[in-house]
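These notes concern the structure reproduced below.
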Amino acid sequence: NKCTVFAAIGNRVMRTADCSRTWQNVYFDARADTLVSSIIVDHFNPNTVYAATTQGDLLKSLDAGGSWTPIYRFGNSVQHVLMAAADSRTLYVATRNKGIWKTSDAGATWSDLSPALGEYAGALDRVILAEDVARGNSIIAASNYGLLRTTDGGATWKPITLLTPPGSTGIYSLAVSPKDSNFIVYGTLTTLYRSVDGGGKWTTSKLPTTRAATSLLIDPSNDSTIWMGVTSFKQNTGF
Numbered sequence: 085n086k087c088t089v090f091a092a093i094g095n096r097v098m099r100t101a102d103c104s105r106t107w108q109n110v111y112f113d114a115r116a117d118t119l120v121s122s123i124i125v126d127h128f129n130p131n132t133v134y135a136a137t138t139q140g141d142l143l144k145s146l147d148a149g150g151s152w153t154p155i156y157r158f159g160n161s162v163q164h165v166l167m168a169a170a171d172s173r174t175l176y177v178a179t180r181n182k183g184i185w186k187t188s189d190a191g192a193t194w195s196d197l198s199p200a201l202g203e204y205a206g207a208l209d210r211v212i213l214a215e216d217v218a219r220g221n222s223i224i225a226a227s228n229y230g231l232l233r234t235t236d237g238g239a240t241w242k243p244i245t246l247l248t249p250p251g252s253t254g255i256y257s258l259a260v261s262p263k264d265s266n267f268i269v270y271g272t273l274t275t276l277y278r279s280v281d282g283g284g285k286w287t288t289s290k291l292p293t294t295r296a297a298t299s300l301l302i303d304p305s306n307d308s309t310i311w312m313g314v315t316s317f318k319q320n321t322g323f
């Protein structure tokens, strides 16, 4: 239903069911300095909605936001929640500095993927995720290290070579084409990086703004269209 949209605004989750004509507050977190950092709707059952917070909580609603239940507390700010395209019960949760967690049963049990990332300095910090839908069971993770790819659901990871040395560039956004595993884009404070061969070669474009590229989406029907969201940071402190 394209007219039903959920939005995170500060410490709230808002919902519209009429294409943004009216909005309803469906979640409010009363704790000071808490933000709702990620929302995702189950593509198999859209009444199921997940919301994560900077306090490290993952909340679940089974009635399209009418009520919420905390299902896991990660003890670290959640940066991003990713739902697998092939199975909505599989979720990956990226945290600020405790790596990546995974569930294959809609949040009933969780496994910590951090040990497999430990050999890469900075790979547990400021993690954001993008699914390689075309390949399946494959995720690319951006972190303080750079880019790492798994093709076995997080059991093992291999680095993707970048133009910059590992740990030298802050990555704020990441996207992979749903149709082509080799088409990868990521954004920094000033630059958009693009590869069409899986990271073998990269081209760069200066951002058309002084703000950082903090969100990227490759159009699923047309790879030549890329959507970018930007953020102005008062200080270069990351997320």
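Residue numbers (the working numbering): 85 to 323.
Cβ coordinates follow ideal geometry from the N, Cα and C atoms, glycine included.
None of the values given here were measured: they were computed from a predicted structure.
Distance check between residue 181 and each of 141, 214, 227, 219 places 227 closest, using alpha-carbon atoms only. Taking a cut-off of 8 Å for Cβ pairs, the segment 236-254 and the segment 175-192 touch, as three or more such pairs fall below it. In this structure, the CA atom of residue 199 is about 30 Å from the CA atom of residue 280. Looking from the CA of residue 314, the closest CA among 307, 308, 299 belongs to 299. Residue 215 is bridged by DSSP to 223. With respect to the 8 Å criterion, residue 136 and residue 162 are classified as neighbours on the basis of their beta carbons.
Around the CB of residue 215, 16 or more other CB atoms lie within 10 Å, so the residue is classed as buried. Fewer than three Cβ pairs drawn from the segment 167-174 and the segment 137-148 lie within less than 8 Å of each other, which leaves the two stretches out of contact.
Taking residue 94 as the centre and dropping the five residues before and after it, the same chain places the C-beta of 119 closer than 7 Å to its C-beta, in chain order. Following the DSSP letters along the chain, one finds residue 91 inside the beta strand (DSSP E) bounded by residues 89-93.
Per DSSP, the beta bridge partners of residue 112 are 96. With fewer than 16 neighbouring CB atoms inside 10 Å of its own CB, residue 112 falls in the exposed class. DSSP places residue 199 in the helix class (H, G or I) of the three-state scheme. The shortest C-alpha to C-alpha distance from residue 229 to any of 245, 223, 312 is the one to 245. Between residue 218 and residue 250, the beta carbon gap of about 26 Å keeps them out of contact (Cβ cut-off 8 Å).
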